[in-house]
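Chains A and W are the protein sequences, given in the same order. For the first sequence, counting from 1, position 3 maps to 3 in the working numbering; every step adds exactly one. For the second sequence, counting from 1, position 155 maps to 155 in the working numbering; every step adds exactly one.
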Amino acid sequence: MLNGFMKKFSGKKSSKETAKKRLQFALVYDKLEINEMTLESLQKDIIEVISKYFEIDTKSLQLEVQRERDHELSALVFNTPILCVKKNKAYNAQKI
Amino acid sequence: MEGKIIVVTSGKGGVGKTTATASIGAALALEGNRVAVIDMDIGLRNLDIVLGLENRIVFNIVDVVNKRCNLSQALIRDRRIENLFLVPASQSDNKDVLTTLGVQRLAKQLKSEFNYVIMDSPAGIEKGFENSVVAADEAIVVCTPDVSSIKDADRVIGLLYARSITPRLIVNRIIPEMVVRGDMLSHEDVMDILSIDLLGLVPMDDQVVISTNTGVPLVMQNQSLAGQAFRRIAKRINGETDLPIQVPTMKTGIWSKITQKLGLTK
Numbered sequence: 001m002l003n004g005f006m007k008k009f010s011g012k013k014s015s016k017e018t019a020k021k022r023l024q025f026a027l028v029y030d031k032l033e034i035n036e037m038t039l040e041s042l043q044k045d046i047i048e049v050i051s052k053y054f055e056i057d058t059k060s061l062q063l064e065v066q067r068e069r070d071h072e073l074s075a076l077v078f079n080t081p082i083l084c085v086k087k088n089k090a091y092n093a094q095k096i
Numbered sequence: 001m002e003g004k005i006i007v008v009t010s011g012k013g014g015v016g017k018t019t020a021t022a023s024i025g026a027a028l029a030l031e032g033n034r035v036a037v038i039d040m041d042i043g044l045r046n047l048d049i050v051l052g053l054e055n056r057i058v059f060n061i062v063d064v065v066n067k068r069c070n071l072s073q074a075l076i077r078d079r080r081i082e083n084l085f086l087v088p089a090s091q092s093d094n095k096d097v098l099t100t101l102g103v104q105r106l107a108k109q110l111k112s113e114f115n116y117v118i119m120d121s122p123a124g125i126e127k128g129f130e131n132s133v134v135a136a137d138e139a140i141v142v143c144t145p146d147v148s149s150i151k152d153a154d155r156v157i158g159l160l161y162a163r164s165i166t167p168r169l170i171v172n173r174i175i176p177e178m179v180v181r182g183d184m185l186s187h188e189d190v191m192d193i194l195s196i197d198l199l200g201l202v203p204m205d206d207q208v209v210i211s212t213n214t215g216v217p218l219v220m221q222n223q224s225l226a227g228q229a230f231r232r233i234a235k236r237i238n239g240e241t242d243l244p245i246q247v248p249t250m251k252t253g254i255w256s257k258i259t260q261k262l263g264l265t266k
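Here it is in structure tokens:
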């Protein structure tokens, strides 16, 4: 009981949260056999491309690999809030 | 009779496969089924000792598969629980001595004589695992709420899916106090990660050690929380599919605190 309170006040993450994160990470990467570096450079490239067309909040974006047990497939999920569309880029693209 | 073959597996060792097999087998027999529990851990047999039947072994599964004896000669009848039978593993051979074909042949015979055949798979994902799952109709994956066990369970679940078996999960050795404190993955967390159907939740229980010490099946000890959990699991397997899954909780009452301190209860 006291332990729980101490933890709440100290603002430390519970060890099970760490366990869950590590596990989810380990399971996805075991299966795909890609490492964090690959994912980081992929994220960088994606940001580069998207930034051509949208103004995005690079701080709050998320890139993750989600697993679907039944289909034995993994999905790449890229989540980012769009701040605004870059007008002339979109126009140029249309023209081409 | 056309029985069901259920394999109990986990990937990782020491998570409670043998205890689960013995308990579920005994509980299914108490429910009135004819049950055979099969020790597939060739070379490291333990199911016989957990069930307290180690003194009665004459023949074992390798003898049956290799036709050195009949199935009926190798079956050990439990004298305490009616309709519970054990086929022990061999202690001297290694896991490669059985062939999948031989196991399939034996499985067919077992299915015709029993309502439920529970196979206790060895740890690992090699030949012993292969032999245990080759004839299985259903699979139970046992894991504990720790990272290595869950990681191995995930691997095994993948292998079972590849064989078109949809396994169900038992989370064993849950310590409610630690879950509340945030220091142990809850069963919801485990389900999140493994995304398979839950069959039951079993709390950590001193009675498991006592039960293996004495060789008296856990489900025969009425005060055992783990034993009760396994009895509910057996009921669920036996068709009571809407029996709710009980989440192990902390004992918070002042009386239980006092009795705990005095060592009267666990």
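Positions of the beta carbon are idealized from the N, C-alpha and C atoms, including for glycine.
query                                                                                                                            : result
Closer than 8 Å to chain A by CB, Ile170 (chain W)                                                                               : no
Selected residue, minimal CA-CA separation from Asp63 (chain W), among W:Ser90, W:Glu54, W:Tyr116, W:Arg45                       : W:Ser90
Rounded straight-line distance, which links the Cα of Met119 (chain W) to that of Thr99 (chain W)                                : 15 Å
Opposing strand residues paired with Ala36 (chain W) [DSSP bridges]                                                              : W:Phe85, W:Val117
Endpoints, alpha helix (DSSP H) assigned at Ala123 (chain W)                                                                     : Run containing Ala123 (chain W): none; DSSP gives neither H nor E here.
Inside the stretch 165 to 227 of chain W only - alpha helix (DSSP H) runs reaching at least 4 residues                           : 176 to 181, 187 to 194, 206 to 214
Interface partners of Asp197 (chain W) on chain D, CB under 7 Å                                                                  : Here chain D cannot be found, since the structure's protein chains are A and W.
Contact set between the stretch 102 to 125 of chain W and chain A, restricted to residues whose Cβ is under 8 Å from the partner : none
Reduced DSSP secondary structure (H/G/I, E/B, other) of Lys266 (chain W)                                                         : Any answer about Lys266 (chain W) is weak, because its pLDDT of 46 lies below 50 and its placement is not dependable; what the coordinates show is given next. If DSSP states are grouped into helix, strand and coil, Lys266 (chain W) belongs with coil.
Gln62 (chain A) - partner residues in DSSP beta bridges                                                                          : A:Asn79
Top-ranked residue by Cα proximity to Val77 (chain A), from A:Ile50, A:Gln66, A:Leu83                                            : A:Gln66
Min CB distance Val147 (chain W) to chain A below 8 Å                                                                            : yes
Straight-line gap, Met1 (chain A) to Arg181 (chain W) (C-alpha atoms, nearest Å)                                                 : Since pLDDT at Met1 (chain A) reaches only 48, below the 50 mark, its modelled position is unreliable, and no value is offered.
Residue-level contact to chain A via CB, Lys12 (chain W), 8 Å cutoff                                                             : no
Contact residues within the stretch 15 to 42 of chain A, judged by C-beta distance below 9 Å to chain W                          : Ser15, Lys16, Glu17, Ala19, Lys20, Arg22, Leu23, Gln24, Ala26, Leu27, Asp30, Lys31
Span of the alpha helix (DSSP H) around Thr38 (chain A)                                                                          : 36 to 53
Cα-Cα separation between Phe129 (chain W) and Ala123 (chain W), rounded to whole angstroms                                       : 7 Å
Beta carbon of Asp152 (chain W) nearer than 8 Å to that of Ser10 (chain W)                                                       : yes
Beta-carbon separation (whole angstroms), Asp270 (chain W) vs Leu86 (chain W), contact threshold 8 Å                             : Here chain W covers residues 1 to 266 and nothing more, so residue 270 (chain W) does not appear.
Test: Met191 (chain W) CB closer than 8 Å to a CB of chain A                                                                     : no
Contact list for the stretch 199 to 227 of chain W against chain A, Cβ threshold 8 Å                                             : none
Cross-chain neighbours of Lys151 (chain W) in chain A, by beta carbon under 9 Å                                                  : Leu23, Ala26, Leu27, Asp30
Runs of alpha helix (DSSP H) wholly within the stretch 42 to 71 of chain W (minimum 4 residues, chain order)                     : 47 to 50, 61 to 65
Candidates W:Leu198, W:Lys17, W:Ile175, of which the one nearest Asp206 (chain W) by Cα                                          : W:Ile175
Rounded separation between Glu48 (chain A) and Asn172 (chain W) - CA only                                                        : 47 Å
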